[in-house]
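S.K.: This is the structure I have questions about; it appears just below.
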């Protein structure tokens, strides 16, 4: 779960990392007040995407009236597909230098990884390797102050900044661990009047660990439909095609999208109905697909733990209640296949056994393909 | 033979008296797995399918000499269960639950490395060795058969699809390993390939990968030195960047973990890369003959 910048910064501040003074604003009046209190500000759109600056999501205001006008323009604007609902008015910084630092998990070594660079301000992917200092953390040892000093030294920092940086590494690792962060990043980490200040921050919390973080604000991401499906406990991603897809298991769902694309079609969504879903959740998932008004619905099931007769019952339930007004292609194999296929056949629905054939048919019915 | 799991493995089930634990204990026993005990705190003295239940792993190991454990407890308690198993001598640990915090997974795999414990998962369907009539997992029993193909996968149902297509093509399996769909898991493609390398009965290996991370790229280096043919199929060609495709680990983040880079690395290493799941069996058939 991604956190908005202002929330990430509140967390940094609570661990003693210096941040610029700032205020969340969502009206011109509040923005004017903010400037009166803090002086010249950067007005930063609070959205969950990177690259805000280039997209016009960061503007500068020196006077209250300027801040009011800019806020008027920015609230409600579209930024890379996200609507701006609030801004963070933050004291404009007199920046001498920009650094980068982050803590994340390296999936291959299965260890925490601290990365730092003197080339701050740009995406770390765009920084050349020789400008990045990477240090893995032994999870049994954690990050003691010496670890921070070694990183500061490897970066070639000295004096006050050396000490402040070393201290910041320890605090940032503490956030990573205590908040179950997938990523905590300060970029740029600026030098202002000889001291470090976190000018921008990202904090992504591990969804699986939210149960032990009641203090962390829940941020809903995604379209209305995505939120609705997530609420019924299913994995769902909206895509821009017109063939609605349901499969059981994440890998199968991905493979099903690939198959549609392979035959020249365009999938409308990713929907994992679960590896062992029963009638009710499967019917709910199918109901969502119907509500999307796609050209075709493609259900691809390999019944392992999922029983094919349950899937067939779910399909029939939806057909008899809300109705399925678009062509439906069903591929059904595995556990209780014969029962499932018969249930569908009795209702006039033919089921495929080959995934390839079924995917090709779905694409054909959508009027697409090669 | 098989890798990691054989008919000699003595298995306990942690969380045996829950719905899932109870159902899959029955399935594992039916398949032939030596399930020697179960653990459910406070339920010691009961039995499930004739298998004795203990309050602690310590008691279970002491009275059954178990060396393997499969964990079904809810994710928030999985770290505790994993450590209880490892500290009491379990050397093969299968972690079924989804949604285990990554920090917990890091702690588990770190301790496992120190103790030499093989961890399968978390968020896995488990491991099955058809020739040994032994499985630790939640996969359906009827889709596998003994044979010369080793399979290593990240995803459950997709691996069922592929294993079943192999079985239907007359290509049985030595062992099928589910690494799990989480960002941090006990195994890597590399570590499982190493196991298959030394198994005399495995003559070809199927890798079922997906977008996210760089486990497939890392494994590619090893394929060159494997001395056995590898067929790879990866899912997620149509996945947009920045979106989690069901698995916590299946996400293209900031340009990393794309299918293109994975397939390129695998092809360069000499693997047969197919683009659709139904092409796997034919490709395996070709490399075997």
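Chains as they are written, first to last, in this note's numbering: chain A, 1 to 370; chain B, 1001 to 1289. Built from N, CA and C at the ideal position, the CB exists for glycine as well.
Among B:1027, B:1026, B:1030 and B:1060, which one has its Cα closest to the Cα of residue 1038 (chain B)?
M.R.: B:1060
S.K.: Helix, strand or coil for residue 206 (chain A) per DSSP?
M.R.: coil
S.K.: Report, in whole angstroms, the separation of the C-beta atoms of residue 313 (chain A) and residue 279 (chain A), which I expect to be a contact under 8 Å.
M.R.: 5 Å
S.K.: Taking residue 1282 (chain B) as the reference, which of B:1062, B:1165 and B:1066 has the closest Cα?
M.R.: Minimum Cα distance to residue 1282 (chain B) is reached at B:1165.
S.K.: In angstroms with no decimal places, state the Cα-to-Cα distance between residue 1225 (chain B) and residue 1215 (chain B).
M.R.: 17 Å
S.K.: Since residue 139 (chain A) meets chain B, which of its residues come closer than 7 Å, beta carbon to beta carbon?
M.R.: The contacting residues are 1106, 1107 and 1110.
S.K.: If the cut is a Cβ gap below 8 Å, which residues of chain A does residue 1173 (chain B) touch?
M.R.: Going along chain A, no residue has its Cβ under 8 Å from residue 1173 (chain B), so there is no contact; the nearest lies around 15 Å.
S.K.: Can a CB atom of chain B be found closer than 8 Å to the CB of residue 368 (chain A)?
M.R.: no
S.K.: What does DSSP give as the partner residues of residue 290 (chain A) in its beta bridges?
M.R.: Paired residues: none, contrary to the question.
S.K.: I want to verify the contact list: residues of chain B whose CB lies under 8 Å from the CB of residue 180 (chain A), in sequence order.
M.R.: 1101, 1102 and 1103
S.K.: Return the residue from the list B:1054, B:1204, B:1256 and B:1103 that minimises the CA-CA distance to residue 1212 (chain B).
M.R.: B:1256
S.K.: Answer with buried or exposed for residue 1024 (chain B), where buried requires no fewer than 16 other C-beta atoms within 10 angstroms of its C-beta.
M.R.: Residue 1024 (chain B) should be labelled buried.
S.K.: Give me the chain A residues within the contact set of residue 1284 (chain B), using Cβ-Cβ distance strictly less than 8 Å, ordered along the chain.
M.R.: Within chain A, no residue comes near residue 1284 (chain B); the closest Cβ sits about 17 Å away, beyond 8 Å.
S.K.: If you run the structure through DSSP and keep just helix, strand and coil, what is residue 1284 (chain B)?
M.R.: helix
S.K.: At what residues does the beta strand (DSSP E) containing residue 215 (chain A) begin and finish?
M.R.: Taken as a continuous stretch (DSSP letters only), residue 215 (chain A) belongs to no beta strand (DSSP E), as it is neither H nor E.
S.K.: Starting from residue 97 (chain A), follow its DSSP beta bridges and name the residues at the other end.
M.R.: Under the DSSP definition of a beta bridge, residue 97 (chain A) partners with A:191.
S.K.: On the DSSP letters alone, give me the boundaries of the beta strand (DSSP E) that residue 23 (chain A) sits inside.
M.R.: 22-25
S.K.: I'd like the list of long-range same chain contacts for residue 1274 (chain B), defined as Cβ closer than 7 Å, with 5 residues on each side in sequence excluded.
M.R.: Counting only Cβ-Cβ distances below 7 Å, and skipping sequence neighbours, we find 1231, 1233, 1280 and 1283.
S.K.: Can you name the start and end residues of the beta strand (DSSP E) that residue 59 (chain A) belongs to?
M.R.: Counting along the chain, the beta strand (DSSP E) containing residue 59 (chain A) begins and ends at 58-61.
S.K.: Give me, in chain order, the residues of the same chain whose beta-carbon lies closer than 8 Å to that of residue 95 (chain A); leave out the 5 immediate sequence neighbours on both sides.
M.R.: 188, 190, 191, 192 and 199
S.K.: Who are the neighbours of residue 1240 (chain B) on chain A, taking C-beta pairs under 7 Å?
M.R.: What residue 1240 (chain B) touches in chain A: 239.
S.K.: Closer than 8 Å by beta-carbon distance: list the chain D residues that pair up with residue 1243 (chain B), in chain order.
M.R.: Looking at the structure shown, chain D is missing, and the protein chains on hand are A and B.
S.K.: Give the straight-line distance between the Cα atoms of residue 328 (chain A) and residue 291 (chain A), rounded to the nearest whole angstrom.
M.R.: 14 Å
S.K.: Whole angstroms is fine: what's the gap from residue 1122 (chain B)'s alpha carbon to residue 1002 (chain B)'s?
M.R.: 21 Å
S.K.: Residue 132 (chain A) to residue 1114 (chain B), Cα distance in whole Å?
M.R.: If you take the alpha carbons of residue 132 (chain A) and residue 1114 (chain B), they lie about 30 Å apart.
S.K.: Using the Cα positions of residue 1018 (chain B) and residue 1084 (chain B), report the straight-line distance between them to the nearest angstrom.
M.R.: One alpha carbon belongs to residue 1018 (chain B), the other to residue 1084 (chain B), and they sit about 18 Å apart.
S.K.: What are the boundary residues of the alpha helix (DSSP H) that residue 170 (chain A) is part of?
M.R.: That run of the alpha helix (DSSP H) goes 159-178.
S.K.: What does the alpha-carbon distance come out to for the pair residue 1277 (chain B) and residue 98 (chain A)?
M.R.: So the alpha carbons of these two residues sit roughly 48 Å apart.
S.K.: On the DSSP letters alone, give me the boundaries of the alpha helix (DSSP H) that residue 225 (chain A) sits inside.
M.R.: 224-231
S.K.: Can you tell me whether residue 80 (chain A) is helix, strand or coil according to DSSP?
M.R.: Residue 80 (chain A): coil per DSSP, three-state reduction.
S.K.: Look at residue 274 (chain A) and residue 234 (chain A) and say whether their C-beta atoms are less than 8 Å apart.
M.R.: yes
S.K.: From residue 1054 (chain B) to residue 1066 (chain B), what distance separates their C-alpha atoms?
M.R.: Distance from the CA of residue 1054 (chain B) to the CA of residue 1066 (chain B), rounded to the nearest whole angstrom, comes to 12 Å.
S.K.: Can you tell me whether residue 60 (chain A) is buried or exposed? The criterion is at least 16 other CB atoms within 10 Å of its CB, across all chains shown.
M.R.: exposed
S.K.: Tell me the rounded alpha-carbon separation between residue 321 (chain A) and residue 285 (chain A).
M.R.: 14 Å
S.K.: Between which two residues does the alpha helix (DSSP H) harbouring residue 1029 (chain B) extend?
M.R.: 1019-1031
S.K.: From residue 1014 (chain B) to residue 1186 (chain B), what does the alpha carbon distance come to, in whole angstroms?
M.R.: 18 Å
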